[in-house]
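Okay, so here's the structure we're looking at.
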Amino acid sequence: MSLRKQIMDDLKTAMKAGQSETVAQIRGITAKIKDLDVAARAKSAEVTDTDIISALRSMIKSRTESATMYREGGRPELAEKEEGEIATIKSYLPPELDESALKAGIAEAVQKTEAAGMKDMGKVMAALKERFGADLDPAKASALVKAHLSA
């Protein structure tokens, strides 16, 4: 089942069950997907599950930043709302790669691309994206690649 269909099915289920908070969270996700559709239509392209996963990861990043700011600003109720949205969004992401598999993939990508330093980071990241696809969390991988190349 495509990710888009799964999200729409979950929205319908939450609506029927009267779960207003979950409905609101999933509607936020569907709004982001519609934004992707509009952008893709302008380019005569198709929105894939990989595009949706990338958008979901960016949604998590912005909500994490918001939750941190709310906590620092003394608004824990708003931080909890953001964290609830993060949990809902994460439920649609593929399972994260474990760190040992990612480190092994980085070592392999460095060897394959003959990366010598930080200037070759883009090559290594491209090789990792090619190998792992949507399962790769670019932020986590980027930090590990930096550590590997600067060692």
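Position one of the sequence shown corresponds to residue 3 (the working numbering), numbered consecutively onward.
Even for Gly, the Cβ is constructed at its ideal location relative to N, Cα and C.
Exposure of residue i, with buried meaning 16 or more beta-carbon neighbours within 10 Å
i: residue 87; result: buried
i: residue 16; result: buried
i: residue 43; result: exposed
i: residue 27; result: buried
i: residue 69; result: buried
i: residue 107; result: buried
i: residue 147; result: buried
i: residue 84; result: buried
i: residue 65; result: buried
i: residue 49; result: buried
Own chain partners of residue i with C-beta closer than 6 Å, once the 5 adjacent residues on each side are dropped
i: residue 111; result: 126, 129, 130
i: residue 72; result: 80, 81
i: residue 45; result: none
i: residue 145; result: none
Assigned secondary structure, residue i (DSSP; H/G/I helix, E/B strand, else coil)
i: residue 4; result: coil
i: residue 11; result: helix
i: residue 130; result: helix
i: residue 46; result: coil
i: residue 143; result: helix
i: residue 65; result: helix
i: residue 138; result: coil
i: residue 118; result: coil
i: residue 53; result: helix
i: residue 21; result: coil
i: residue 60; result: helix
i: residue 153; result: coil
Sequence-distant residues of the same chain with beta carbon closer than 8 Å to residue i, five excluded per side
i: residue 30; result: 61, 87
i: residue 139; result: 59, 98, 99
i: residue 114; result: 129
i: residue 25; result: 13, 16, 17
When the options are compared against residue i, the one with the closest alpha-carbon
i: residue 35; options: 133, 52, 24; result: 52
i: residue 38; options: 27, 24, 55, 25; result: 55
i: residue 101; options: 142, 4, 153; result: 142
i: residue 117; options: 13, 135, 150, 106; result: 150
i: residue 137; options: 33, 97, 18, 45; result: 97
i: residue 32; options: 90, 122, 47; result: 90
Cβ-based neighbour list, residue i, same chain, cut-off 7 Å, excluding 5 preceding and 5 following
i: residue 119; result: 151
The ligand ATP heavy atom lying under 8 Å from the CB of residue i
i: residue 133; result: In the structure on display, the ligand ATP does not appear, and there are no ligands present to speak of.
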